[in-house]
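> Position in the sequence shown counted from 1, then plus 4, gives you our numbering.
Ideal placement from N, C-alpha and C gives every residue a C-beta, glycine not left out.
The structure displayed is predicted, hence computed values, not measured ones.
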Amino acid sequence: MPFAPSAEEPLLPLSLEEPFLAAAEEAMVSAVQASLKEAETLRQQLDEVAATLRAAAALPIDADGKVNLAELGKILESFQQAESRLRKLTTRVVARIFLVDGEKAKGMLRTRVNNLKDELCNQALAWVENEVSSLHKAWEVALSKASMVPASEQELVELKRYLAVVHQETAPLIARGQTLTNLMSLLEQHFVFTALRVQKQAFELDCCPMKLKMALCETNGILDLAKERLEARRQISAQHLQTECEALRAELDAATTMFKHVEECASYRQTLEKLSERVYAARSEIDNLRKAEALFGLEASEFEELEGVCVVFDRLNELWTAAFDFTKNREEWKAAPLAHLDCADMEEKLQQWRQAVSSLRRMAGIFRSVEPLQACDELLQAIVAFQKMLPLMKTLTHPSFQAKHWQELATRLEVDATEESGVFLSLNTLIQRGLPEATQAIELIGSAAFREFRTKACFQKMRGAWRALRMDLVTLGDASLGRKILKGFDAVHSLIEEHQASVQSLQASQLVGGVELQAREWLRKLSDLDTLCNLLEACQVSWVYLVPIFDYPEMQQQLAKEADLLSSVGKLWKDEVISRLDENSGLLDLADLEELPQKLRSACIEMQSVVKGLNEFLERKRLAFPRFFFLSNEELVQLLAGASHAEALVPHIQKCFEGISSMKYDQDSNEANIIISHRQETLQLLMPVQLAHDGKSISIEDVFSSIEREMCAALQHAMQRAWEEFPAAPTRLLWATERCGCSQAALAIAHCCWTTQVEAAILQHQLPQLVKDLQHQLQQLVEAVRGPLSPDSRSVLATLLTLDVHCRDVAEELRQKKTSHMNQFEWICHLRSYWTPGSHHLGGGAVPGGYFAGGRRLNRTGGRGTSGGLQICMLESSLNYGFELLRSPDRLVVTPLTDRCYRTLMTALHFQYGGAPEGPAGTGKTETTKDLAKAVGKPCLVFNCSEGLDATAMAALLKGIAASGGWCCFDEFNRLQLDVLSIVALQISAIQQAIRRNAITFVFEDTDLQLNPTCAINITMNPGYAGRATLPDTLKALFRPCAMMVPDASLIAEVVLYCSGFQDAYKLSKKVSKRLHIIVRQAT
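1. Verify whether the separation of the beta carbon atoms of residue 1006 and residue 994 is less than 8 Å.
2. Based on Cα-Cα distance, which residue from 773, 672, 628 lies nearest to residue 707?
3. When you compare only the Cα positions, how much space is there between residue 63 and residue 82?
4. Have a look at residue 318 and residue 142 and give me their C-alpha separation to the nearest angstrom.
5. Using DSSP with H/G/I as helix, E/B as strand and the rest coil, what is residue 821?
6. Thinking just about the alpha-carbon of each residue, which of 380, 370, 287, 401 is nearest to the one in residue 340?
7. Mapping the DSSP letters down to three states, classify residue 1018 as helix, strand or coil.
8. How would you label residue 1036, buried or exposed, when you count the other beta carbons within 10 angstroms and need 16 or more for buried?
9. Determine the DSSP secondary structure at residue 323, reduced to helix, strand or coil.
10. Measuring only the C-alpha atoms, how far is residue 909 from residue 571?
11. Looking at the strands, I want to know which residues DSSP matches up with residue 670.
12. How would you call residue 1083, buried or exposed, if buried means at least 16 neighbouring beta carbons within 10 angstroms?
13. List the residues that DSSP assigns as beta-bridge partners of residue 922.
14. Any contact between the segment 895-909 and the segment 950-961? By contact I mean 3 or more CB pairs, one from each, below 8 Å.
15. From residue 722 to residue 1041, what distance separates their C-alpha atoms?
16. Helix, strand or coil: how does DSSP classify residue 477 here?
17. What residues in its chain sit with their C-beta under 8 Å from that of residue 591, if we drop five residues either side in the sequence?
18. Report the three-state DSSP secondary structure of residue 693 (helix, strand or coil).
19. Applying the 10 Å Cβ sphere with the 16-neighbour rule, what's the burial state of residue 846?
20. With a threshold of 7 Å on Cβ separation, who are the neighbours of residue 839 within its own chain once the five nearest residues in sequence on each side are excluded?
21. Among the candidates 442, 520, 551, whose CA atom is the shortest distance from the CA of residue 488?
22. Counting beta carbon pairs with one atom in the segment 814-829 and one in the segment 758-775, are three or more of them shorter than 8 Å?
23. To the nearest angstrom, report how far apart residue 430 and residue 316 are at their CA atoms.
24. Within the segment 513-578, note down every full alpha helix (DSSP H) run reaching 4 residues or more, in order along the chain.
25. Pick out the complete beta strand (DSSP E) segments inside the segment 895-943, 3 residues or longer, and give them in chain order.
26. Using a Cβ-Cβ cutoff of less than 7 Å, which residues in the same chain neighbour residue 1050 once the five nearest sequence positions on both sides are dropped?
27. By DSSP's criteria, residue 884 is part of a beta bridge. Which residues make up the other side?
28. Give the straight-line distance between the Cα atoms of residue 5 and residue 87, rounded to the nearest whole angstrom.
29. Look at residue 751 and residue 717 and say whether their C-beta atoms are less than 8 Å apart.
30. Would residue 198 be called buried (16 or more neighbouring beta carbons within 10 Å of its own) or exposed?
31. So, with DSSP's three-state summary, where would you put residue 169?
32. Please state whether DSSP places residue 1090 in a helix, a strand or coil.
33. When DSSP labels each residue in this structure, what does residue 491 get in the three-state scheme?
34. Are the CB atoms of residue 675 and residue 693 nearer to each other than 8 Å?
35. Check whether the Cβ atoms of residue 530 and residue 503 lie closer than 8 Å to each other.
36. Return the CA-CA distance between residue 697 and residue 679, expressed in angstroms with no decimal places.
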């Protein structure tokens, strides 16, 4: 073998990279490509032919079912062209090194051409055969109809109608025949011929139009002959119908005169039937004659006299037919048992007869005698007389008339009405016994039966409503616990009230009849049901309130007895109520349980004791830490349940301490040592707050007391450090934004420094220079605001600018009034701050009695060093700074109106009263009170008073205020009800009196409450508004009023412009405020 592997070593090793081998390979590839290129022409020709033969052979049929001859011709022509190209094609090509033989491909393509052509032609021949057969049948039908000889007038009418449309019906057949002929010619051009049988049928089709024309000529002759016969018939029919009209008129007049009495109408029936047959025959003859005349286009014959006679007969026949039907049905109704009568059908028939006879009476003029009119009157009287007995029969056939009522009626009429005896109470019986007496007895018995029936129907409807009523069972909490509650008490109470009103109305209207006991039973059942629903609702409300609280294991441990009671109530609720309602039992079924209401009452009593124990437990916690008074029971329970988890305390810490956002906890030591404010400022605690000691959790009230104590101490220490660093700081700006770690401390110490500067300037008579310095200091802050700052630094500088504007204005005022000593009113009427370095223990502001801000006494034995104290003064009043970390140290723009409100509030607090700013909405009453609280470092809680706020809720709030030492502001205080205001006056008076006598504890609402004298109770009022009450004199005496008006807009605009970086804010503020006033006036 030439290429078999050899075991011997080659004589000359060769590689494909050899030049002569590479050249040989390139020459061979070129030769092959040149040879294939010469054979490409043959391949393209074969491909072109094959492309025309890829589609399947399908006869082109249009949407109307005809063969598309043009498309078919194109297809056959393409087959013929393909065959011609294949026949002329040379299939043997010598392409250099190749010999290409395409004979086999050519043969396959020629076979494909022949097969497609044969298949298409076979389809065309099949279509031709079917079309010939269809046309042949259609022409047979057309020729048979056209050549039909009519044997009757109906056939003549049909023939006439067909002749009118024959050309329209045969035109499509002729067109189809032409298409068929063209198709056969096209096939013959391609040497495709149909069968001889089909060609014969196609030839016959070509003759069909001529056959149709000949048949139409014969038919027209027949129609002409029929028209001549019709003329003769018209004369004969006219004479016959005239004779018949005279005979009918005579007989009809005789019958009209003879038929007089309604009661004898049965004897007239035979005569009327004979006349009806003759009238029908005459009318039929007239109708047939007129149809034939209309067929041939002749004028219709007139028979007005005969038609008038027929109309008179119709009216007479209607009269006596109604009389016959009425008398027949009346006798049947009289003889039939009254209990079996259908009064609705009876009333409908009587009304129809009455309307028909009334209509006939209005047309009585067509008769030649008065007897029909008299018969109409007699029949109407009979119908009306019978209609008068309908109410009586309706009473007897009403469903309320039961067997006992029939028996009572039979007894009154002294007849036997039992079905066993075969005698039924009928209308004839009542007439025989005397209709007036029977009517009176029926009305009496029927009235009682209807009242009883209506009462029973009402009770049945009520029972059905209760059976259909189903209370929804809603899952409470986790579905796996299987707790469900009821929903839909409002609908139940509405239904009870509706049914009670219905039963009482029935009793009052004397419709109860023989079911008085049932009515009383229903009232008792509805009352029991109302009691049961009230117990269910009360029990559910208490249970739903308590279950989430006692789901916490901590609460179960603290209140074990109450938890057991609640568990027993839950078992009762599930077994006795929910399980029964789950079994499709209705409320009526529960109401039948005699023991259930008592069990529910006991459950309500037990839950009241649980609620009482819970409230006492929570009250102890609140008294231990008074800020818990401002938490709802649910929030406090959540706090107690999560006391051992530091993360769970954060949301509640934010509610108790508005300035604390979170705290950093050490997981190892379980201690908190850093407070984080809402501005993300950190405040290092002097002593960490412990959450647990020796592995045991510390009570939550002690934890929160520690947080309060350490928060105050840390803020006090921060202020001490800020006071000490102020003199050494390079600039006031750097000191406020970077050196002081707490913005609240920086603002408070900045105000202290300003107070010191002003008093030094007064003593040294340097107020003009001080004003210049303050103005320069203000411009420096404005320059700083215009530069790049962090959001927190910008907020601090904005607040500092707000205070600096006021400080500059105060200094300018003192300069203008030439203040020379510190006790002048011009100076002491403003708010001043004094820092006393190192004179107080850390742990809160120094207040009389040694209290810190939270309200507990300062433990002098646990001193941790000393720090300074801050005192806020105004006039003769002074308050110690509370060192409460505030949520936001931002301050209001201090206007003359703000200063006046400050003086009122400070003076009121100095004499242990409350402040009462009053004025229209938007004058800053509440915000000014809150701003003063910020100035003295106290938390200020704002409560929006509404009509729903009761004395109990007010007492809880006041307890928290009095014990915690916080400030409060009751907004729109005069919206409370007068009775609530009277009680609140006593409560506030008790707190103020306890402060005046320096009490440590006092009795407040039957509770021994520890008092923090730094608390303050303020109110705001909107006099003159709708829904506002006038305060009692006893309550007015507890507060010092201050009228509030619209603040100085230009001063506010000046501060806003300074904070935005405008240096010439004073002039710009005047322009801005004037422009805004003009806009407001034009807009309103």
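If we stick to the structure as given:
1. Residue mapping note: residue 1006 aligns to position 1002 of the sequence shown, counting from 1. Residue mapping note: residue 994 aligns to position 990 of the sequence shown, counting from 1. Cβ atoms of residue 1006 and residue 994: closer than 8 Å.
2. For the purposes of this step, residue 707 is identified with residue 703 of the sequence shown, where counting begins at 1. It is 628.
3. As a working note, residue 63 is residue 59 in the sequence shown. As a working note, residue 82 is residue 78 in the sequence shown. Computed Cα separation, rounded: 14 Å.
4. Within the sequence shown, the letter at position 314 stands for residue 318. Within the sequence shown, the letter at position 138 stands for residue 142. Those two C-alpha atoms are separated by around 49 Å.
5. Taking the sequence shown and counting its residues from 1, one reaches residue 821 at position 817. DSSP places residue 821 in coil when its eight states are reduced to three.
6. Translated into positions along the sequence shown, residue 340 becomes position 336. Looking at 380, 370, 287, 401, the one whose alpha-carbon comes closest to that of residue 340 is 401.
7. Locating residue 1018 in the sequence shown gives position 1014, counting from the first residue. Note: residue 1018 maps to coil in three-state DSSP.
8. Here residue 1036 corresponds to residue number 1032 of the sequence shown, with the count starting at 1. Burial is judged here by how many other beta carbons sit within 10 angstroms of a residue's own beta carbon; residue 1036 has fewer than 16 and is exposed.
9. Within the sequence shown, numbered from 1, the residue matching residue 323 stands at position 319. It is helical.
10. Within the sequence shown, residue 909 is the residue found at index 905, counting from 1. Within the sequence shown, residue 571 is the residue found at index 567, counting from 1. Taken atom to atom, the span from the alpha-carbon of residue 909 to that of residue 571 is near 53 Å.
11. Locating residue 670 in the sequence shown gives position 666, counting from the first residue. In DSSP, residue 670 forms a bridge with 675.
12. Counting from 1 along the sequence shown, the entry for residue 1083 is found at position 1079. Per the 10 Å Cβ criterion, exposed.
13. The residue labelled residue 922 in the question sits at position 918 within the sequence shown. BP columns for residue 922 point to 1025, 1047.
14. no
15. One-based indexing of the sequence shown puts residue 722 at position 718. One-based indexing of the sequence shown puts residue 1041 at position 1037. Looking at the two C-alpha atoms, the distance is approximately 40 Å.
16. Counting from one through the sequence shown, the residue named residue 477 turns up at place 473. It is a strand residue.
17. Stepping through the sequence shown from its first residue, residue 591 is reached at position 587. Excluding positions up to five away in sequence, the list reads 470, 473, 475, 496, 533, 536, 537.
18. Here the question's residue 693 lines up with position 689 in the sequence shown. In this structure, residue 693 counts as strand in the three-state DSSP scheme.
19. Indexing the sequence shown from 1 puts residue 846 at position 842. Bear in mind that the predicted position of residue 846 carries a pLDDT of just 40, short of 50, making it unreliable; the figure below should be weighed with that in mind. With 16 or more Cβ atoms within 10 Å of its Cβ, residue 846 is classed as buried.
20. For the purposes of this step, residue 839 is taken as residue 835 along the sequence shown, with counting starting at 1. Answer for residue 839: 727, 753, 756, 872, 874, listed in chain order.
21. On the sequence shown, residue 488 is found 484 positions in, with the first residue counted as 1. The shortest C-alpha separation from residue 488 is found at 551.
22. yes
23. Residue 430 sits at position 426 when you count from the first residue of the sequence shown. Residue 316 sits at position 312 when you count from the first residue of the sequence shown. Computed Cα separation, rounded: 39 Å.
24. 520-554, 557-562, 564-576
25. 918-922
26. Counting from one through the sequence shown, the residue named residue 1050 turns up at place 1046. Once the five neighbours on either side are set aside, the close Cβ partners of residue 1050 are 927.
27. Walking along the sequence shown from the start, residue 884 turns up at place 880. 875, per the DSSP bridge assignment.
28. Here residue 5 corresponds to residue number 1 of the sequence shown, with the count starting at 1. Here residue 87 corresponds to residue number 83 of the sequence shown, with the count starting at 1. Any reading at residue 5 must be qualified, since the residue scores a pLDDT of 37, below 50, and its modelled position is unreliable; the value itself is stated next. If you take the alpha carbons of residue 5 and residue 87, they lie about 48 Å apart.
29. By one-based count along the sequence shown, residue 751 stands at place 747. By one-based count along the sequence shown, residue 717 stands at place 713. Their beta carbons are not under 8 Å apart, which means residue 751 does not touch residue 717 by this criterion.
30. Locating residue 198 in the sequence shown gives position 194, where the first residue counts as 1. Result: buried.
31. Numbered from its first residue, the sequence shown carries residue 169 at position 165. Correct three-state label for residue 169: helix.
32. Past the boundaries of the shown model lies residue 1090; the chain is included only from 5 to 1088, so the question cannot be answered.
33. As a first step, residue 491 must be located in the sequence shown, where it is residue number 487. DSSP places residue 491 in strand when its eight states are reduced to three.
34. Reading the sequence shown from its first residue, position 671 is the one you call residue 675. Reading the sequence shown from its first residue, position 689 is the one you call residue 693. Contact flag set, yes.
35. If you number the sequence shown from 1, residue 530 lands on position 526. If you number the sequence shown from 1, residue 503 lands on position 499. Contact: yes.
36. As a working mapping, residue 697 is identified with position 693 in the sequence shown. As a working mapping, residue 679 is identified with position 675 in the sequence shown. Roughly 21 Å separates the two Cα atoms.
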